[in-house]
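S.K.: Structure provided below as structure tokens; questions to follow.
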Amino acid sequence: MIQRVQSLYLLLAAAALGLLVLAPVPGQLLALAGPGWLVLLVRTLGAVLALGAVGLIFLYRQLSRQRKLVVLAQLGVLLLSALYLGGLYVGGALGVRTTEGILWERLFWLALPLIAYLFLRLARRGIEHDLALLQSMHRLR
């Protein structure tokens, strides 16, 4: 299970989403920028996606189902990114530059959903590679 590289990518995506949900900084940014329901929605969606990414690791025997659910998780992360970054944009808290320079910590928190999407994309690529190997193996029989 963990020998497959896509399992590691799914675990890293879950860690990035979990960090977005559990860390206080993203919630504080959203609370300052947007309405209270947006914070709850982003945290709930992030928690569901993080738990889903962990659950996807255990579907290693059903590659086609795992691929479909990874695509669904990618769409969920895109929705999460739109809500998170859109809420910050509307509230005016999306800026990462000041007169002193770039706010690297804020840039890190803003990039977490995109990092999670990248890890899910890499996991999907690994799953598709395994599916191609299985199809070639069946063709050789």
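Using this note's numbering, you'd call the opening residue of the sequence shown number 7 and step up by one each time. All residues carry an ideal CB built from backbone N, CA and C; glycine is no exception.
Considering only the beta carbon of each residue, do G24 and G52 sit closer than 9 Å?
M.R.: What you label residue 24 is simply residue 18 of the sequence shown in a count that begins at 1. What you label residue 52 is simply residue 46 of the sequence shown in a count that begins at 1. For G24 and G52, yes; Cβs fall inside 9 Å.
S.K.: To the nearest angstrom, how far is the alpha carbon of A99 from that of V11?
M.R.: Here the question's residue 99 lines up with position 93 in the sequence shown. Here the question's residue 11 lines up with position 5 in the sequence shown. Approximately 36 Å between the Cα atoms of the pair.
S.K.: Under 8 Å by Cβ, that's how I've got L150 and A29 pegged, so tell me the actual separation to the nearest angstrom.
M.R.: It is not possible to answer for residue 150, since the shown part of the chain is limited to 7 through 147.
S.K.: Let me know the alpha helix (DSSP H) ranges lying completely inside the region 54 to 93, each 4 residues or longer, listed in chain order.
M.R.: none
S.K.: Where I63 and H135 are concerned, what is the direct C-alpha to C-alpha distance, given to the nearest angstrom?
M.R.: Taking the sequence shown and counting its residues from 1, the one referred to as residue 63 is at position 57. Taking the sequence shown and counting its residues from 1, the one referred to as residue 135 is at position 129. If you take the alpha carbons of I63 and H135, they lie about 16 Å apart.
S.K.: Got a sec? Which residues, its chain only, sit under 8 Å from L140 by beta carbon, not counting five neighbours each side?
M.R.: For the purposes of this step, residue 140 is taken as the residue at position 134 of the sequence shown. If we look at L140 and ignore the five residues flanking it on each side, its Cβ neighbours are L69.
S.K.: What distance in whole Å lies between the Cβ atoms of W115 and V27, which are believed to be in contact at a cut-off of 8 Å?
M.R.: Position 21 of the sequence shown, counted from the first residue, corresponds to residue 27. Position 109 of the sequence shown, counted from the first residue, corresponds to residue 115. Not confirmed; about 12 Å, so no contact.
S.K.: Helix, strand or coil for R103, going by three-state DSSP, please let me know.
M.R.: Here residue 103 refers to the residue found at position 97 of the sequence shown. Correct three-state label for R103: strand.
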